[in-house]
Amino acid sequence: MILTQRAPRVISGGGYALLAPEGQDVKDGLQHLLENSGHPVHLYPHDLQTCPLQDHLIETAGLHLQDHNITDALLIHLQTGQMERIPLAKTTMPCDLKLDLQKSVARSGLPDLRWDRLISPLGPLLGVNAEKELSIATAQLASKAAGQRVYGVGRADRIQASRTIAALEALERLGGLFPDPSRQRMHASMGDLPGQVLDPRSLHLYFPLQHQQRDFPCKPFEEDQPRTWVCGLNLKTLQPVWIEESLVYYGPMPDPLVLNTSSGCALGQSLEEATLHAFLELAERDAAMRWWQGTHKAPLWPTPFEDDVLEVLGNLFDLEYQVQAHDLTTDLGLPVCLLVATQKEWDGLHPATLCATAAHLDPRMALLKAVQEIRGMAQKLTPQQLEKAALLQQHPEQVLTLEDHLLAYALPAARDAIASKLSGELGLQRDAWVVPDLQALLQHTLDHCELHVVQQDHPVLREQGLFCVRVISPQLLPITYGHPYQRVPASQAPTADPHPFT
Numbered sequence: 004m005i006l007t008q009r010a011p012r013v014i015s016g017g018g019y020a021l022l023a024p025e026g027q028d029v030k031d032g033l034q035h036l037l038e039n040s041g042h043p044v045h046l047y048p049h050d051l052q053t054c055p056l057q058d059h060l061i062e063t064a065g066l067h068l069q070d071h072n073i074t075d076a077l078l079i080h081l082q083t084g085q086m087e088r089i090p091l092a093k094t095t096m097p098c099d100l101k102l103d104l105q106k107s108v109a110r111s112g113l114p115d116l117r118w119d120r121l122i123s124p125l126g127p128l129l130g131v132n133a134e135k136e137l138s139i140a141t142a143q144l145a146s147k148a149a150g151q152r153v154y155g156v157g158r159a160d161r162i163q164a165s166r167t168i169a170a171l172e173a174l175e176r177l178g179g180l181f182p183d184p185s186r187q188r189m190h191a192s193m194g195d196l197p198g199q200v201l202d203p204r205s206l207h208l209y210f211p212l213q214h215q216q217r218d219f220p221c222k223p224f225e226e227d228q229p230r231t232w233v234c235g236l237n238l239k240t241l242q243p244v245w246i247e248e249s250l251v252y253y254g255p256m257p258d259p260l261v262l263n264t265s266s267g268c269a270l271g272q273s274l275e276e277a278t279l280h281a282f283l284e285l286a287e288r289d290a291a292m293r294w295w296q297g298t299h300k301a302p303l304w305p306t307p308f309e310d311d312v313l314e315v316l317g318n319l320f321d322l323e324y325q326v327q328a329h330d331l332t333t334d335l336g337l338p339v340c341l342l343v344a345t346q347k348e349w350d351g352l353h354p355a356t357l358c359a360t361a362a363h364l365d366p367r368m369a370l371l372k373a374v375q376e377i378r379g380m381a382q383k384l385t386p387q388q389l390e391k392a393a394l395l396q397q398h399p400e401q402v403l404t405l406e407d408h409l410l411a412y413a414l415p416a417a418r419d420a421i422a423s424k425l426s427g428e429l430g431l432q433r434d435a436w437v438v439p440d441l442q443a444l445l446q447h448t449l450d451h452c453e454l455h456v457v458q459q460d461h462p463v464l465r466e467q468g469l470f471c472v473r474v475i476s477p478q479l480l481p482i483t484y485g486h487p488y489q490r491v492p493a494s495q496a497p498t499a500d501p502h503p504f505t
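The opening residue of the sequence shown carries number 4 in this note's numbering; numbering runs sequentially from there.
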């Protein structure tokens, strides 16, 4: 190749060649891309051995990178000659998160995604599949570094909308699994950090007895031990705040304080919109956990099912499920709906009991969101899943994954644990929250919880005009997956029964 000393790096494998510009400023971004994708260009790299035409193609692409000062990578399919630009993280960005409290948080519909920039063998998405009968779609994220397959799920009344929602949820996972290398982090003990710090001990860490379990994967917090911190924003003071990394991201990392989940993460077309919807999810999960861990029985939802709700629930009625809605709204006042679907005469094929929750500013929309969530949960169980469900009945400590929480209530014998927490009394009518902006949100939450926001950025999201954030609050309980890893207030003991939520 006739290239200069700053020639692109060429890595090949699986019938592809990846060209990336040399330079320290993109080294971390390239490494992150390769490790996370699981694509053959990373799994089976080798010295390039190509035919002359392919050599010419790679040389031309390399010159294009140099001549146009491109800092993205180029992925070349060596058989077809097709090329794609893959964005890389670049230089470190300062802790500069700024929110406009008066900016509208109203959603203006689903974004127009650039699909040609999303689906490829190197990611960020490997593909999107749709189940037209239920109008449900799943999008798979390129997620080798996560140690498991990662999907986004979309449910809507139109299949194309379901595809977009699935892709957006997968992209939210992209932002939330690992820190973008371009975002500022600091490795220090809590006392050595400059400025405001959110004390991890205020965020419902594990009890000493939990840490004593064999092979427990998390470390207790020690104030004088260095840890990695990321920068967020205190929504009340609008001042930067340092938050421990494993409390913000949920991908595998060494010695985390908690095994985290995506609870409290959301995507939006602005930081402000994303912040509102991240709060809604966090408040929903808080209500679900407080109900499950507490002694208060959930009353019935105060309004009956309307025709549009009954239509969406049609597939559950066809399977002889009985569906009831209950009110999980806490002192915070945000409408939170719980749906419980039960087969009184179990068919032996589907889960005997299903639970789904949803929160929304408008009570009617909270109910509709919960309905859309539960309608896709009635999937046939495999013999292996039925066997696992029987095991989990006897050994709840072996509930370790999201699917395990569903299987723990798949058999009829587990119904009483849920039924005992439900009331037949009618709940209170709820007024919709009026939240045109984050200032209004603060007025609703000021007496109940303090909110901190972390931007979970990624070059793919920036290219699509999307913003991902996580909202964290010491006063709101997070959901956990894995019964041994439940996080409860210091005044309570862990519950005997695993929760039923997915």
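Where is the CB? At the ideal position from N, CA and C, for every residue including glycine. Since the structure is predicted, the reported quantities are computational estimates derived from the model, not experimental observations.
{"query": "Residue ranges of each beta strand (DSSP E) within the region 341–406, 3 or longer", "result": "356–362"}
{"query": "Three-state secondary structure (DSSP) of Thr498", "result": "coil"}
{"query": "Own chain residues within Cβ distance below 6 Å of Leu337, not counting five before or after", "result": "Ala286, Ala362"}
{"query": "Phe504, DSSP secondary structure in three states", "result": "coil"}
{"query": "Expected contact under 8 Å - CB spacing of Val244 and Val200 to nearest Å", "result": "7 Å"}
{"query": "Touch test, the region 213–226 against the region 169–187, Cβ-Cβ under 8 Å, three pairs minimum", "result": "no"}
{"query": "Neighbourhood of Val374 by C-beta distance below 7 Å, restricted to the same chain and skipping five residues each side", "result": "Val312, Val315, Leu316, Leu342"}
{"query": "Which listed residue (Arg158, Asn132, Gly126, Ala159) has its alpha carbon closest to that of Leu144", "result": "Gly126"}
{"query": "Pro255 versus Gly84: straight-line alpha-carbon distance, rounded", "result": "36 Å"}
{"query": "Residues near Pro259 by beta carbon distance below 6 Å, same chain, minus five either side", "result": "Cys221, Ser249"}
{"query": "Paired residues, beta bridge with Tyr154 - DSSP", "result": "Gln143"}
{"query": "Straight-line Cα distance separating Leu445 from Ile89", "result": "39 Å"}
{"query": "Top-ranked residue by Cα proximity to Ala411, from Phe282, Asp119, Tyr484", "result": "Tyr484"}
{"query": "His280 - partner residues in DSSP beta bridges", "result": "DSSP lists no partner for His280."}
{"query": "Where Gly65 falls: helix, strand or coil (DSSP)", "result": "helix"}
{"query": "Assigned secondary structure, Phe470 (DSSP; H/G/I helix, E/B strand, else coil)", "result": "strand"}
{"query": "Contacting residues, own chain, Cβ-Cβ under 8 Å from Asp334 (five flanking each side not counted)", "result": "His451"}
{"query": "Selection from Arg465, Ala291, Ser423 that minimises the alpha carbon distance to His502", "result": "Ala291"}
{"query": "Spatially closest choice to Ala369 from Ala422, Gln382, Ala435, Gly130, by CA coordinates", "result": "Ala435"}
{"query": "Integer-rounded CB distance, given that Thr356 should sit under 8 Å from Arg418", "result": "5 Å"}
{"query": "Other residues of its chain near Tyr324: CB distance less than 6 Å, five sequence neighbours each side excluded", "result": "Ala344, Gln346"}
{"query": "Under 8 Å between C-beta atoms of Val156 and Ser146", "result": "no"}
{"query": "Start-to-end residues for the alpha helix (DSSP H) that takes in Thr167", "result": "162–180"}
{"query": "CB-CB length for Lys383 against Leu352, believed under 8 Å", "result": "5 Å"}
{"query": "Proximity winner among Glu175, Glu247, Ala142, relative to Ser192 (alpha-carbon distances)", "result": "Glu247"}
{"query": "Where Pro243 falls: helix, strand or coil (DSSP)", "result": "strand"}
{"query": "CA nearest to the CA of Ser266, picked from Gly179, Pro399, Asp119, Leu364", "result": "Gly179"}
{"query": "Close beta carbons around Leu449, own chain, < 8 Å, minus the five adjacent residues each side", "result": "Lys239"}
{"query": "Environment of Asp330 [buried if 16+ CB atoms lie within 10 Å]", "result": "buried"}
{"query": "Neighbour-count burial assignment, Gly430, 16 or more Cβ in a 10 Å radius", "result": "buried"}
{"query": "Residue closest to Asn263, alpha-carbon to alpha-carbon, out of Arg367, Leu403, Leu171, Thr498", "result": "Leu403"}
{"query": "Which listed residue (Arg378, Glu87, Lys300, Ala148) has its alpha carbon closest to that of Pro257", "result": "Ala148"}
{"query": "Opening and closing residue of the alpha helix (DSSP H) in which Arg217 lies", "result": "Looking at the DSSP string, Arg217 is not in any alpha helix (DSSP H), and its letter there is neither H nor E."}
{"query": "Touching by the beta-carbon criterion (3+ pairs, under 8 Å), the region 161–172 and the region 109–124", "result": "yes"}
{"query": "Identified DSSP bridge partners for Asp330", "result": "Cys340"}
{"query": "Proximity below 8 Å, CB of Ala381 to CB of Pro415", "result": "no"}
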